[in-house]
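Participant: Mind having a look at this structure? Questions to follow.
This is the structure:
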């Protein structure tokens, strides 16, 4: 066990160095399961535009201009790709998690936009999505 | 509920048509091609199930595919084995029909790139396989075509046919003709450069590629061979587009193929031009929304006919082209019959591409008629769309089409009629300017809300006389009808509904005979086969999906992170169905 820990520490240190340069930082969100109970090291991701209304409006324009609505639908209410306005997140709801989904893409079809969008634009998209009002009645659909 | 649209006079006409129709080959009880035969009739020659005994139909077997998502297409039955392809991740099951319980002989689980999920426009469906030379051939969603040994389940070859990074996916069902497999891509929402490829059935190697738009050299339109009935000139696939727009012009091939051995012609329909905002692509945009006839050996284009020039409304022409010999205006003609998204049903001379009959089979507001002298629709210019035109209201049909090409019709040589799942939806359409960004949608559509068309029922299952362009009977349905159809020599026709019913009707009268709730909406195409016990069986998939609006009703339950508001026009669809994935087999008592 001790050997394993030493090995993990050694590899972890090495990994951390690589991460700083080339490898995307790992995803953090509440439901994430961490092997060994330890969260991976990752850079801090703080949304510089959090709750800024102008940035949210800019982000809404980007949402159309970058063809996001082609999959996620107008108002991000869902199309071929998931609803992003229901307050629920497959890959985490933190601003940083949403940033990573846009910047690096996700394996079930979300393209990586980091190659064509600067970080500031990605943050504006995040700010837009976080600004969308979540309807009250998401969990229950009733027909009576 | 049945509407008798026309009375006795039609019956004699129908008999006349039947006499002239292609004689059905004695049915071998198998189903080896997506549309049953080269002519794509979806007509089974089996006769045990009749209007007299259809009420005793009952399920004899069912199987969960383990996959959710739209279960489009149909199984194959070859040598007492039933082959089922699932939506992504495109599992292929082989069931042994000779044993009780139909146990699996094998299953084949290909490694499919999940990125394809985000590139498929319309759910992660698959439209089925084709059988040839001991191989089951089908497409994986991620742009690969595979051939699997029908006996052992071992992969024989796997060929990359489409480029996912360019927005191409491959849910369509290939057709096999002699030593060739024909495959085309989806991607009309991603600005692809549409094509049809022929693969060698033995090796999977690409034999030829023919593009649907671009210069004649790429379209394989050769002087002396290419003789369109209405159009003149060269490089029409180039000159009918703004410079370079054709390179991202869409024109996908996601529907069905048919083949006439006598003419040695392969027929297929092409999809919409990209982007949806038509102002970014002035011109006819050939050969988008067209029917193309090619020689299967070298791909040479023989004729092409554009159903919706300068397509403005996402009216793909990917629907099946059903081949029949019918008496039209007193003359026996070799025709293909095509029910287009644009609301017109076309009866076309399949040797030349001449339109003989073109009549609306559902409410149409974008055009008043098709001019048979020019082959062009007479468009109501108020219904043209574009970024500068704002919200254009009340366009019928909606962009879902008066009939989804995903829901192939059938033809009975006995009645001479076609049996068609139809939609009665209209839409508003607001286009906008859009930029092509590789690997992302290229649409330019702000919004296109639907509403039910005249009458209020959003769908109907109809019988159609293609010799006159008249509806014979119609069964109204509350929701759009999205299933394929099956005609049988017993005089019974089959279809399914989005609220999860599988139904049988009398082929002559349209009288409903039987229905069974199959657990999820039906978007698959029923088939019929003869079992080892000599009995006639009917097979259909249930499993709603295959389009954004079928998911927009929030019919899914498997993803806690994706909850949808219901679609405005079908608020209660999810009251009747959730996603599923079942294979059902039925027989009479």
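Residue numbers (the working numbering), protein chains in the order written: chain A, 1 to 144; chain B, 1001 to 1589. Using N, Cα and C, we set each Cβ at its ideal position, and we do this for glycine too. Everything numeric in this text was worked out from a predicted model, so none of it was measured.
Between residue 116 of chain A and chain B, is any beta-carbon pair separated by less than 9 Å?
Facilitator: As a first step, residue 116 of chain A is located in the first chain; it is residue number 116 there, counting from the start. For residue 116 of chain A, the answer is yes, since a Cβ of chain B falls inside 9 Å of its Cβ.
Participant: I want to verify the contact list: residues of chain A whose CB lies under 7 Å from the CB of residue 1439 of chain B, in sequence order.
Facilitator: To locate residue 1439 of chain B, count along the second chain from 1; it is residue 439. Residues of chain A passing the Cβ test: 111.
Participant: Does the stretch 1048 to 1061 of chain B touch the stretch 1332 to 1351 of chain B, meaning 3 or more C-beta pairs lie closer than 8 Å?
Facilitator: No: fewer than three Cβ pairs fall under 8 Å.
Participant: Given a threshold of 16 other Cβ atoms within 10 Å of its Cβ, counted over all protein chains shown, does residue 1397 of chain B qualify as buried or as exposed?
Facilitator: Along the second chain, read from residue 1 onward, the residue named residue 1397 of chain B stands at position 397. Residue 1397 of chain B comes out buried.
Participant: Please identify the residue among B:1363, B:1303 and B:1415 whose C-alpha is closest to the C-alpha of residue 1403 of chain B.
Facilitator: Against the second chain, residue 1403 of chain B aligns to sequence position 403. Measuring from the Cα of residue 1403 of chain B, the nearest candidate turns out to be B:1363.
Participant: Note down, in chain order, each residue of its chain lying with its Cβ closer than 7 Å to the Cβ of residue 1368 of chain B, except the 5 sequence neighbours on either side.
Facilitator: For the purposes of this step, residue 1368 of chain B is identified with residue 368 of the second chain, where counting begins at 1. Here the set comprises 1378 and 1380.
Participant: Measure from the C-beta of residue 95 of chain A to each C-beta in chain B and report whether the shortest distance is under 9 Å.
Facilitator: As a working note, residue 95 of chain A is residue 95 in the first chain. No, residue 95 of chain A lies away from the interface with chain B (no Cβ there is under 9 Å from its Cβ).
Participant: What would DSSP say about residue 1420 of chain B, mapped onto helix, strand or coil?
Facilitator: Locating residue 1420 of chain B in the second chain gives position 420, counting from the first residue. In this structure, residue 1420 of chain B counts as strand in the three-state DSSP scheme.
Participant: My parser needs the alpha helix (DSSP H) runs of 4 or more residues fully inside the stretch 1537 to 1569 of chain B; what are they?
Facilitator: Here the runs fully enclosed are 1548 to 1552.
Participant: Would you decide whether residue 1454 of chain B is buried or exposed? Buried here means 16 or more other CB atoms lie within 10 Å of its CB.
Facilitator: Stepping through the second chain from its first residue, residue 1454 of chain B is reached at position 454. So residue 1454 of chain B counts as exposed.
Participant: Just the Cα atoms here: how many angstroms apart are residue 1163 of chain B and residue 1169 of chain B?
Facilitator: Taking the second chain and counting its residues from 1, the one referred to as residue 1163 of chain B is at position 163. Taking the second chain and counting its residues from 1, the one referred to as residue 1169 of chain B is at position 169. Roughly 7 Å between the two C-alpha positions.
Participant: Output needed in chain order: residues of the stretch 77 to 93 of chain A with a Cβ under 7 Å from some Cβ in chain B.
Facilitator: The stretch 77 to 93 of chain A vs chain B, Cβ under 7 Å: 77, 78, 79, 80, 81, 82, 83, 86, 88, 89 and 90.
Participant: Less than 6 Å between C-beta atoms, sequence neighbours within five positions excluded: which residues of the same chain meet that for residue 1354 of chain B?
Facilitator: The sequence position of residue 1354 of chain B within the second chain is 354, counting from 1. Answer for residue 1354 of chain B: 1229, listed in chain order.
Participant: Just checking: is the beta-carbon of residue 67 of chain A within a distance shorter than 9 Å of some beta-carbon in chain B?
Facilitator: On the first chain, residue 67 of chain A is found 67 positions in, with the first residue counted as 1. Judged by the 9 Å Cβ criterion, residue 67 of chain A is in contact with chain B.
Participant: I believe residue 1104 of chain B touches residue 1126 of chain B by the beta-carbon criterion, under 8 Å. Please report the beta-carbon distance rounded to the nearest angstrom.
Facilitator: Taking the second chain and counting its residues from 1, one reaches residue 1104 of chain B at position 104. Taking the second chain and counting its residues from 1, one reaches residue 1126 of chain B at position 126. With 8 Å as the limit, residue 1104 of chain B and residue 1126 of chain B do not qualify as a contact, their Cβ atoms being about 18 Å apart.
Participant: Using a Cβ-Cβ cutoff of less than 7 Å, which residues in the same chain neighbour residue 1022 of chain B once the five nearest sequence positions on both sides are dropped?
Facilitator: Here the question's residue 1022 of chain B lines up with position 22 in the second chain. Because the pLDDT at residue 1022 of chain B is just 45, under 50, the model does not fix this residue reliably, and the point stays unresolved.
Participant: If you check the beta carbons only, do residue 1530 of chain B and residue 1027 of chain B fall under 9 Å apart?
Facilitator: On the second chain, residue 1530 of chain B is found 530 positions in, with the first residue counted as 1. On the second chain, residue 1027 of chain B is found 27 positions in, with the first residue counted as 1. Yes, the Cβ-Cβ distance between residue 1530 of chain B and residue 1027 of chain B is below 9 Å.
Participant: Using beta carbons (cut-off 9 Å, strictly below), is residue 108 of chain A in contact with chain B?
Facilitator: Stepping through the first chain from its first residue, residue 108 of chain A is reached at position 108. Chain B, which has a Cβ nearer than 9 Å to the Cβ of residue 108 of chain A, makes this yes.
Participant: Return yes when the Cβ of residue 1464 of chain B is within less than 9 Å of the Cβ of residue 1420 of chain B, no when it is not.
Facilitator: Against the second chain, residue 1420 of chain B aligns to sequence position 420. Against the second chain, residue 1464 of chain B aligns to sequence position 464. Result yes, Cβ atoms of residue 1420 of chain B and residue 1464 of chain B sit closer than 9 Å.
Participant: On the DSSP bridge list, what partners appear for residue 1135 of chain B?
Facilitator: The residue given as residue 1135 of chain B occupies position 135 in the second chain. B:1132 and B:1149.
Participant: Could you give the distance in angstroms between the alpha-carbon of residue 1243 of chain B and the alpha-carbon of residue 1434 of chain B?
Facilitator: Residue 1243 of chain B sits at position 243 when you count from the first residue of the second chain. Residue 1434 of chain B sits at position 434 when you count from the first residue of the second chain. Those two C-alpha atoms are separated by around 17 Å.
Participant: Contact check, residue 1528 of chain B vs residue 1573 of chain B under 8 Å by CB: the rounded distance?
Facilitator: Locating residue 1528 of chain B in the second chain gives position 528, where the first residue counts as 1. Locating residue 1573 of chain B in the second chain gives position 573, where the first residue counts as 1. Actually they do not touch by this definition, with Cβ atoms about 28 Å apart.
Participant: Just the chain A side, please: which residues come within less than 8 Å of residue 1392 of chain B by C-beta, in chain order?
Facilitator: Taking the first residue of the second chain as 1, we reach residue 1392 of chain B at position 392. Ordered by position in chain A, no residue passes the 8 Å Cβ test against residue 1392 of chain B, which lies about 16 Å from the chain.
Participant: What residues in its chain sit with their C-beta under 7 Å from that of residue 1117 of chain B, if we drop five residues either side in the sequence?
Facilitator: Stepping through the second chain from its first residue, residue 1117 of chain B is reached at position 117. Around residue 1117 of chain B: 1088 and 1124.
Participant: Taking only beta carbons into account, state which residues of the stretch 1105 to 1119 of chain B come closer than 8 Å to chain A, listed in chain order.
Facilitator: Residues 1114, 1115, 1116, 1117, 1118 and 1119.
Participant: For residue 87 of chain A, collect the residues of the same chain with a Cβ closer than 7 Å to its Cβ; drop the 5 residues on either side in sequence, then sort them by chain order.
Facilitator: Numbered from its first residue, the first chain carries residue 87 of chain A at position 87. If we look at residue 87 of chain A and ignore the five residues flanking it on each side, its Cβ neighbours are 134 and 138.
Participant: The alpha helix (DSSP H) that contains residue 59 of chain A, what's its start and end?
Facilitator: As a first step, residue 59 of chain A must be located in the first chain, where it is residue number 59. 53 to 65 is the extent of the alpha helix (DSSP H) around residue 59 of chain A.
Participant: Beta-carbon of residue 1082 of chain B versus every beta-carbon of chain A: anything under 9 Å?
Facilitator: Along the second chain, read from residue 1 onward, the residue named residue 1082 of chain B stands at position 82. Taking Cβ atoms only, chain A never reaches closer than 9 Å to residue 1082 of chain B, which makes this a no.
Participant: Closest to residue 1416 of chain B by CA distance: which of B:1425, B:1472, B:1432 and B:1586 is it?
Facilitator: For the purposes of this step, residue 1416 of chain B is taken as the residue at position 416 of the second chain. Checked all of B:1425, B:1472, B:1432 and B:1586; the closest Cα to residue 1416 of chain B is B:1472.
Participant: Looking at chain A, is there any beta carbon in it that lies within less than 9 Å of the beta carbon of residue 1354 of chain B?
Facilitator: Numbered from its first residue, the second chain carries residue 1354 of chain B at position 354. So, not an interface residue.
Participant: Output yes if chain A places a C-beta closer than 9 Å to the C-beta of residue 1443 of chain B; else output no.
Facilitator: On the second chain, position 443 is the one that residue 1443 of chain B refers to. Judged by the 9 Å Cβ criterion, residue 1443 of chain B is in contact with chain A.
Participant: For a test of the three-state rule: what should DSSP assign to residue 100 of chain A, helix, strand or coil?
Facilitator: Residue mapping note: residue 100 of chain A aligns to position 100 of the first chain, counting from 1. Note: residue 100 of chain A maps to helix in three-state DSSP.
Participant: Need the endpoints of the beta strand (DSSP E) that residue 1488 of chain B sits in, please.
Facilitator: Here residue 1488 of chain B refers to the residue found at position 488 of the second chain. Element bounds for residue 1488 of chain B: 1486 to 1488.
Participant: In three-state terms, what does DSSP make of residue 1160 of chain B?
Facilitator: Start at 1 with the first residue of the second chain, and residue 1160 of chain B comes out as number 160. Looking at residue 1160 of chain B - three-state DSSP - the assignment turns out to be strand.
Participant: Would you kindly work out how many angstroms separate the C-alpha atoms of residue 1444 of chain B and residue 66 of chain A, rounded to a whole number?
Facilitator: Stepping through the second chain from its first residue, residue 1444 of chain B is reached at position 444. Stepping through the first chain from its first residue, residue 66 of chain A is reached at position 66. Their Cα atoms are separated by approximately 11 Å.
Participant: Is it true that the CB of residue 1306 of chain B sits closer than 9 Å to the CB of residue 1282 of chain B?
Facilitator: Mapped onto the second chain, residue 1282 of chain B falls at position 282. Mapped onto the second chain, residue 1306 of chain B falls at position 306. Taking 9 Å as the Cβ cut-off, residue 1282 of chain B and residue 1306 of chain B do not qualify as a contacting pair.
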